[in-house]
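Asker:
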Amino acid sequence: MTFKKSAIGIALGATLLGAGFTSAIAAEPTIRELAKERGRFIGTILNSEWFNDDIEPEFEEIHKTQFNVVVAENEMKFDATEPAENEFNFTKGDKMVEYAKANKIRVRGHALAWHSQVAAWVSSNYAGQKEKLLAVLKNHIEKVVGHYKGQVAEWDVVNEAINDEYNADWRSSGSVWYEGIGAEFLDSAFVWAHKADPNAELCYNDYSLEWGLREGSKASFVVEQVKRWKKNGIPITCVGTQTHIEIAHETTPQNVRALAKAFAELGVTLNITELDIGFPKGESGKLTAADYAKQGHLYRQFMDVFLEEPNMGEFVIWGLTDAHSWLDEQQGKTEGLLYDKQYKPKPAYDSIMVSLKEHPAANVVSPYSDIEIVDPIDTTGTDSTDVGDSTIAVRTVAGLAGSLSMHVSGHTLFIAGAKAAKVDVFDMQGRSVFSGKCEKGFVELNGIPEGLYVARVRSGSASLAKRIAIK
Ligand code: G3I
Numbered sequence: 454m455t456f457k458k459s460a461i462g463i464a465l466g467a468t469l470l471g472a473g474f475t476s477a478i479a480a481e482p483t484i485r486e487l488a489k490e491r492g493r494f495i496g497t498i499l500n501s502e503w504f505n506d507d508i509e510p511e512f513e514e515i516h517k518t519q520f521n522v523v524v525a526e527n528e529m530k531f532d533a534t535e536p537a538e539n540e541f542n543f544t545k546g547d548k549m550v551e552y553a554k555a556n557k558i559r560v561r562g563h564a565l566a567w568h569s570q571v572a573a574w575v576s577s578n579y580a581g582q583k584e585k586l587l588a589v590l591k592n593h594i595e596k597v598v599g600h601y602k603g604q605v606a607e608w609d610v611v612n613e614a615i616n617d618e619y620n621a622d623w624r625s626s627g628s629v630w631y632e633g634i635g636a637e638f639l640d641s642a643f644v645w646a647h648k649a650d651p652n653a654e655l656c657y658n659d660y661s662l663e664w665g666l667r668e669g670s671k672a673s674f675v676v677e678q679v680k681r682w683k684k685n686g687i688p689i690t691c692v693g694t695q696t697h698i699e700i701a702h703e704t705t706p707q708n709v710r711a712l713a714k715a716f717a718e719l720g721v722t723l724n725i726t727e728l729d730i731g732f733p734k735g736e737s738g739k740l741t742a743a744d745y746a747k748q749g750h751l752y753r754q755f756m757d758v759f760l761e762e763p764n765m766g767e768f769v770i771w772g773l774t775d776a777h778s779w780l781d782e783q784q785g786k787t788e789g790l791l792y793d794k795q796y797k798p799k800p801a802y803d804s805i806m807v808s809l810k811e812h813p814a815a816n817v818v819s820p821y822s823d824i825e826i827v828d829p830i831d832t833t834g835t836d837s838t839d840v841g842d843s844t845i846a847v848r849t850v851a852g853l854a855g856s857l858s859m860h861v862s863g864h865t866l867f868i869a870g871a872k873a874a875k876v877d878v879f880d881m882q883g884r885s886v887f888s889g890k891c892e893k894g895f896v897e898l899n900g901i902p903e904g905l906y907v908a909r910v911r912s913g914s915a916s917l918a919k920r921i922a923i924k
């Protein structure tokens, strides 16, 4: 079915202006511009209606203008990608990846091993058969992650594997994977995903983590598991806190901050992966300006935490417009998103913008050292050291870097993979702040103020450029 333009569509011009959409007319930056400057990703899902070409045209216009990370609401889940045994359907996932490429948007993959939305054939053919189930899950992960290798930046490898009891433990009923395999399916899933795409970020994702660290809580359980996984060499790199909350849940932003700090100690990124802040459905039609302001205040607190914690990378909202949200359909909640049913930005949108503006790029650390910064000049792989005085652009081109690698600690830049290398460091406006040779495996960048920079290392024909944070 194709969406027929309704009265909603007619409001397009006015609402987009409010969102800082038409840059020629409105000078306001977009969320994605401010996110990009800060080395972060802020995004939302593509609703199932988008995949079915059954959504208002302003949905995509706003989506690609305002956001730089995307997730499929349902189309990369098991039942969508492997509806029959070993018969894969990537049509809708491919559609999203193409869209993301065309609009320079990062892709999250959701979700590989989950008890829900598993194709019916898995249980009917193999329930309780450990070896068979292991083979099914391995094949699924290899084929799906392999298909999207290099195109999906991050996967929810395991989703919602913890139960809802007061004392958290693995979800032992209602999960074909746990019931048939046991907890080892989790470890294996990460190993298979890493093998299929060694460069992808791999997350454990769950809800109710925002209820905080306390004995027996889901959040504490995940922290303990991540410790164990890291100790055992399981290739987990990130945790996702879904964060489906209500307007009354005022303590949750600070709980997420505490969680970020706990994962920072383990060298793991924390992402907000499915945020929505709903009102009870019964209040629909009775909500006041003060209610929307309160919702905005909560969104802002989450954004503040996100920008202030150095190991947070992605801030994803589970929906763009209140016109299309699982909250109304399945949750008895309503109006939890940034845009109202007419695609008009709500106070929540403004609050997020305020937070971004009050956290200048120089103060926000990116957890992604090899983030791609494009536009307007690509210096990598050329001999030119003249990067002009506009924003530097760096693209790490596969193959060019050879065995070169680098990381920074304090003011010391460590370089591996070359006996001698030429090192240049530029500020975010592209001005050279350091130029020299590295012959001992490191160079001291003393005298460079704390902040974000781009370091470029060249040795022979190999060239590597990365964003670095000097702290
Ligand atoms: O595809 C069928 C369609 O063939 C059928 O005609 C129709 C009739 O109901 O149902 C369609 O499937 C629905 C599917 O969404 C696709 O639209 C399911 O009934 C419905 O249950 C399913 O809901 C999704 C839900 O996950 C399922 O668990 C929501 O759209 C989606 O927003 C939601 O997303 C989850 C995350 O993946 C994980 N975290 C929680 C989050 C919210 O529940």
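Position one of the sequence shown corresponds to residue 454 (our numbering), numbered consecutively onward. Glycine included, every Cβ here is placed at the ideal spot set by N, Cα and C.
1) Measuring from the CB of Ser-576, is there a heavy atom of the ligand G3I at a distance below 6 Å?
2) Are the beta-carbon atoms belonging to Asn-764 and Pro-820 less than 7 Å from one another?
3) For the ligand G3I, any of its heavy atoms closer than 6 Å to the Cβ of Ser-569?
4) Classify His-860 as helix, strand or coil using the three-state DSSP reduction.
5) For Val-876, tell me which candidate among Gly-900, Gly-855, Pro-902, Val-907 has the shortest Cα-Cα distance.
6) If we ignore side chains and look at the alpha-carbon of each, how far apart do Phe-512 and Ile-901 end up?
7) Where does Asn-708 land, buried or exposed, given buried means 16+ other C-beta within 10 angstroms?
8) As an exercise, report each continuous alpha helix (DSSP H) stretch of at least 4 residues that is fully enclosed by the region 774-815, in chain order.
9) Just confirm the distance between the C-beta atoms of Ile-515 and Leu-773, as a whole number of angstroms; I'd bet it's less than 8 Å.
10) Does the beta-carbon of Asp-609 have 16 or more other beta-carbons within 10 angstroms, so that it is buried, or is it exposed?
11) Unbroken alpha helix (DSSP H) runs of length 4 or more, entirely within the region 553-582: which are they?
12) Using DSSP with H/G/I as helix, E/B as strand and the rest coil, what is Thr-690?
13) Rounded to a whole number of angstroms, what is the C-alpha to C-alpha distance between Glu-407 and Lys-872?
14) How big is the Cα-Cα spacing for Val-886 and Val-560?
15) Grab me the residues of Gly-894's own chain with a C-beta within less than 8 Å of its C-beta, minus the 5 sequence neighbours each way, in chain order.
16) Would you mind sorting Asn-658 into buried or exposed? The rule is 16 or more other CB atoms within 10 Å of its CB.
17) So is Tyr-619 buried or exposed if we call it buried at 16+ other beta carbons inside 10 Å?
18) For Lys-489, count the other beta carbons within 10 Å of its own beta carbon; 16 or more makes it buried, fewer makes it exposed. Which is it?
19) With a threshold of 16 other CB atoms inside 10 Å of the CB of Val-863, please say whether the residue is buried or exposed.
20) Check whether the region 709-719 and the region 744-752 touch, using three or more Cβ-Cβ pairs below 8 Å as the test.
21) May I have the straight-line CA-CA distance separating Asn-899 from Leu-719, to the nearest angstrom?
22) In this structure, what does DSSP give as the bridge partners for Pro-733?
23) Do you know offhand how far Leu-470's Cα is from Glu-654's?
24) Among Val-575, His-568, Gln-795, Glu-903, which one has its Cα closest to the Cα of Val-817?
25) In whole angstroms, what separates the C-alpha of Ser-501 from that of Leu-790?
26) Quick check for students: name the residue ranges of the alpha helix (DSSP H) that lie wholly in the region 574-640, counting only runs of 4 or more.
27) Within 10 angstroms of the Cβ of Asn-505, are there 16 or more other Cβ atoms? Answer buried if so, exposed if not.
28) Got a sec? Which residues, its chain only, sit under 7 Å from Ile-634 by beta carbon, not counting five neighbours each side?
29) So if DSSP puts Arg-920 in a beta bridge, which residue, or which two residues, is it bridged to?
30) Using only the alpha-carbon positions, how far apart do Ala-742 and Val-807 sit?
31) Between the C-alpha atoms of Cys-691 and Asn-616, what's the straight-line distance to the nearest angstrom?
32) Rounded C-beta distance between Leu-740 and Glu-788? I'm assuming under 8 Å.
33) Rounding to the nearest angstrom, what Cα-Cα distance links Gln-570 and Ala-564 in this structure?
34) Can you check which of these residues, Trp-574, Lys-545, Ser-626, is closest to Ala-537 by C-alpha distance?
35) List in chain order: all unbroken alpha helix (DSSP H) runs of 4+ residues lying wholly within the region 636-690.
36) Within the continuous beta strand (DSSP E) that includes Ile-868, where are the two ends?
Answerer: Working from what's here:
1) The sequence position of residue 576 within the sequence shown is 123, counting from 1. Ser-576 Cβ: outside cutoff for every heavy atom of the ligand G3I.
2) Mapped onto the sequence shown, residue 764 falls at position 311. Mapped onto the sequence shown, residue 820 falls at position 367. Yes, they are a contact pair.
3) Numbered from its first residue, the sequence shown carries residue 569 at position 116. Within the cutoff, so yes.
4) Locating residue 860 in the sequence shown gives position 407, counting from the first residue. In this structure, His-860 counts as strand in the three-state DSSP scheme.
5) Taking the first residue of the sequence shown as 1, we reach residue 876 at position 423. It is Val-907.
6) Sequence index remark: in the sequence shown, residue 512 carries index 59 (1-based). Sequence index remark: in the sequence shown, residue 901 carries index 448 (1-based). Approximately 43 Å, taken between the alpha carbons.
7) Along the sequence shown, read from residue 1 onward, the residue named residue 708 stands at position 255. It counts as buried.
8) 800-811
9) Walking along the sequence shown from the start, residue 515 turns up at place 62. Walking along the sequence shown from the start, residue 773 turns up at place 320. That belief holds up - the Cβ atoms of Ile-515 and Leu-773 are roughly 6 Å apart, short of 8 Å.
10) As a first step, residue 609 must be located in the sequence shown, where it is residue number 156. By the C-beta density criterion, Asp-609 is buried, having at least 16 other C-beta atoms within 10 angstroms.
11) 573-579
12) Position 237 of the sequence shown, counted from the first residue, corresponds to residue 690. Coil.
13) For the chain, the structure presents residues 454 to 924; residue 407 sits outside this window and is missing.
14) As a position in the sequence shown, residue 886 is number 433, starting the count at 1. As a position in the sequence shown, residue 560 is number 107, starting the count at 1. Their backbone Cα atoms lie some 33 Å apart in a straight line.
15) Within the sequence shown, numbered from 1, the residue matching residue 894 stands at position 441. So the qualifying residues of the chain are Phe-867, Ile-868, Ala-869.
16) If you number the sequence shown from 1, residue 658 lands on position 205. Under this definition Asn-658 is a buried residue.
17) For the purposes of this step, residue 619 is identified with residue 166 of the sequence shown, where counting begins at 1. With fewer than 16 other Cβ atoms within 10 Å, it is exposed.
18) Residue 489 sits at position 36 when you count from the first residue of the sequence shown. Lys-489 comes out buried.
19) If you number the sequence shown from 1, residue 863 lands on position 410. Note that residue 863 corresponds to Gly in the displayed sequence, not to Val. Flag for Gly-863 reads exposed.
20) no
21) Start at 1 with the first residue of the sequence shown, and residue 899 comes out as number 446. Start at 1 with the first residue of the sequence shown, and residue 719 comes out as number 266. Their backbone Cα atoms lie some 28 Å apart in a straight line.
22) Sequence index remark: in the sequence shown, residue 733 carries index 280 (1-based). Lys-786.
23) Residue 470 sits at position 17 when you count from the first residue of the sequence shown. Residue 654 sits at position 201 when you count from the first residue of the sequence shown. With a pLDDT of only 39 at Leu-470, under the threshold of 50, the placement of this residue in the model should not be trusted, and no figure is reported.
24) For the purposes of this step, residue 817 is taken as residue 364 along the sequence shown, with counting starting at 1. Among Val-575, His-568, Gln-795, Glu-903, the Cα nearest to that of Val-817 is on Glu-903.
25) On the sequence shown, residue 501 is found 48 positions in, with the first residue counted as 1. On the sequence shown, residue 790 is found 337 positions in, with the first residue counted as 1. Their Cα atoms are separated by approximately 16 Å.
26) Counting only runs of 4 or more, we get 583-600, 629-634.
27) In the sequence shown, residue 505 corresponds to position 52, counting from 1. Answer is exposed; the Cβ neighbour count stays below 16.
28) Counting from 1 along the sequence shown, the entry for residue 634 is found at position 181. Closer than 7 Å at Cβ, skipping near neighbours: Lys-583, Leu-586, Leu-587.
29) For the purposes of this step, residue 920 is taken as residue 467 along the sequence shown, with counting starting at 1. DSSP lists Val-907 as partners of Arg-920.
30) Against the sequence shown, residue 742 aligns to sequence position 289. Against the sequence shown, residue 807 aligns to sequence position 354. Going by the C-alpha atoms only, they are around 18 Å apart.
31) Residue numbering aside, residue 691 sits at position 238 when the sequence shown is read from its first letter. Residue numbering aside, residue 616 sits at position 163 when the sequence shown is read from its first letter. One alpha carbon belongs to Cys-691, the other to Asn-616, and they sit about 20 Å apart.
32) Start at 1 with the first residue of the sequence shown, and residue 740 comes out as number 287. Start at 1 with the first residue of the sequence shown, and residue 788 comes out as number 335. Confirmed, about 7 Å.
33) Residue numbering aside, residue 570 sits at position 117 when the sequence shown is read from its first letter. Residue numbering aside, residue 564 sits at position 111 when the sequence shown is read from its first letter. The straight-line gap from Cα to Cα measures roughly 10 Å.
34) For the purposes of this step, residue 537 is identified with residue 84 of the sequence shown, where counting begins at 1. The shortest C-alpha separation from Ala-537 is found at Trp-574.
35) 637-649, 671-684
36) Within the sequence shown, numbered from 1, the residue matching residue 868 stands at position 415. From DSSP, the beta strand (DSSP E) with Ile-868 extends over 865-869.
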